[in-house]
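> Residue numbers (this note's numbering), protein chains in the order written: chain A, 1 to 135; chain B, 1 to 135. We treat Cβ as the ideally placed atom computed from N, Cα and C, and that holds for glycine. Values in this document were obtained by computation on a predicted structure and should not be read as measured data.
There are 2 protein chains.
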Amino acid sequence: MNKKIKQALTATLFLLFCGSLYSQKNNTMIRISEIKIDSNYLGEYKAILQEESRASVKSEPGVICIYPMYEKEDPTEVRILEIYESREAYEQHLKTPHFQKYKTSTLKMVTSLKLVDMEAIDPETMYAIFRKQQE
Amino acid sequence: MNKKIKQALTATLFLLFCGSLYSQKNNTMIRISEIKIDSNYLGEYKAILQEESRASVKSEPGVICIYPMYEKEDPTEVRILEIYESREAYEQHLKTPHFQKYKTSTLKMVTSLKLVDMEAIDPETMYAIFRKQQE
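#1: Which word fits K4/A, buried or exposed, when buried means at least 16 other C-beta atoms lie within 10 angstroms of its C-beta?
#2: Can you tell me where the alpha helix (DSSP H) holding S56/B begins and where it ends?
#3: Considering T94/A, what are the terminal residues of the beta strand (DSSP E) in which it resides?
#4: Taking C-beta to C-beta, are I35/B and V116/B nearer than 7 Å?
#5: Does the stretch 106-116 of chain B come close enough to the stretch 117-124 of chain A to have 3 or more Cβ pairs within less than 8 Å?
#6: K46/A: buried (16+ other C-beta within 10 angstroms of its C-beta) or exposed?
#7: Between which two residues does the beta strand (DSSP E) holding M118/A run?
#8: Between which residues of its own chain and G62/B is the CB-CB distance below 8 Å, once the five residues before and five after are set aside?
#9: At the level of alpha carbons, what is the spacing between K108/A and Q134/A?
#10: Please classify S56/A as buried or exposed, where buried requires at least 16 neighbouring CB atoms within 10 angstroms.
#11: Counting only beta-carbon atoms, is I48/A nearer than 7 Å to chain B?
#12: Using a Cβ-Cβ cut-off of 7 Å, state whether K72/A counts as contacting chain B.
#13: Output the boundary residues of the beta strand (DSSP E) element that contains S39/A.
#14: For P123/B, which three-state DSSP category applies?
#15: Can you find the residues in the same chain that come closer than 8 Å, C-beta to C-beta, to Y22/A, ignoring five residues on each side of it along the sequence?
#16: So, under 8 Å CB-CB, T76/B and I37/B are touching, yes? Tell me the CB distance rounded to an integer number of Å.
#17: Give the straight-line distance between the Cα atoms of K72/A and V78/A, rounded to the nearest whole angstrom.
#18: Using a Cβ-Cβ cutoff of less than 6 Å, which residues in the same chain neighbour S112/A once the five nearest sequence positions on both sides are dropped?
#19: With 16 as the cutoff for other CB atoms within 10 Å, does P97/B come out buried or exposed?
#20: Can K132/B and I64/B be called in contact, C-beta distance under 7 Å?
#21: Which same chain residues, not among the five before or five after M69/B, have their C-beta less than 6 Å away from its C-beta?
#22: Do we get a CB-CB distance below 7 Å when we pair P61/B with the residues of chain A?
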């Protein structure tokens, strides 16, 4: 094979490899879930969500962050910052027993649910914030 | 001093000490900033915010998280998850040159700003998510 063709082929393969690494790194899924809870179930809902989010972060390598909060001024307004390493990690998460348990047992407690897909403004420094995010 | 009084005093001091440790741990300040940006300035705004958030996380020990995002469906809707170790850490942050630069240079770009104070549903496992949060 001609040397120049070889060099061009090597360069192309290298670029393809870099592109694949880049898209893997940028496959991260970020979401803010906005959830309104029936005030009659608030305590019960928070306990179930705490159990679920804790299990997800601890047992699923692809769950970078599931961080549930509620508004100080209105505790029925729950917000969850969710970050998954990839769409596959998210789909895997939906199948776990802890997520299934959360979903079925809180159905009647949720009065509204909005899943807002987000983009990070600075993906490069996520590792400085999130423990499971690699540099 | 009567032995029983001594024991009661020791127990009281111990409880006060634990209470102080607890309130230190629970002094964490959590906020979601909801910011609407004039679309004419979007690129410029995101660059300034990226510089500011990066500098805050890297140089301020009390900044556990400043994580800026925008909505995929409407990039002019910016959300920032902010977590400070304490109110003092937050007040210190407001005085930094990088925050001051961000604040003054983006004033004309922001069409609305809502600072929503939040509570964590599971403060105990924050360390498993955030790199700078101690166990």
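Concretely, from the data shown:
#1: exposed
#2: L42 to S59
#3: Here the sequence assigns Leu to residue 94/A, which means Thr is not the residue at that position. From DSSP, L94/A is part of no beta strand (DSSP E) but of the alpha helix (DSSP H) over R87 to K95.
#4: no
#5: no
#6: buried
#7: V110 to A120
#8: Y84, E85, S86, E88, A89, Y90, Q92 and H93
#9: 38 Å
#10: buried
#11: no
#12: yes
#13: Note, S39/A: premise wrong, no beta strand (DSSP E); not H, not E.
#14: helix
#15: At Y22/A, the pLDDT of 46 sits below 50, so the modelled position is not reliable; the number obtained from the coordinates is stated separately. None.
#16: 5 Å
#17: 10 Å
#18: K36
#19: exposed
#20: yes
#21: R79
#22: no
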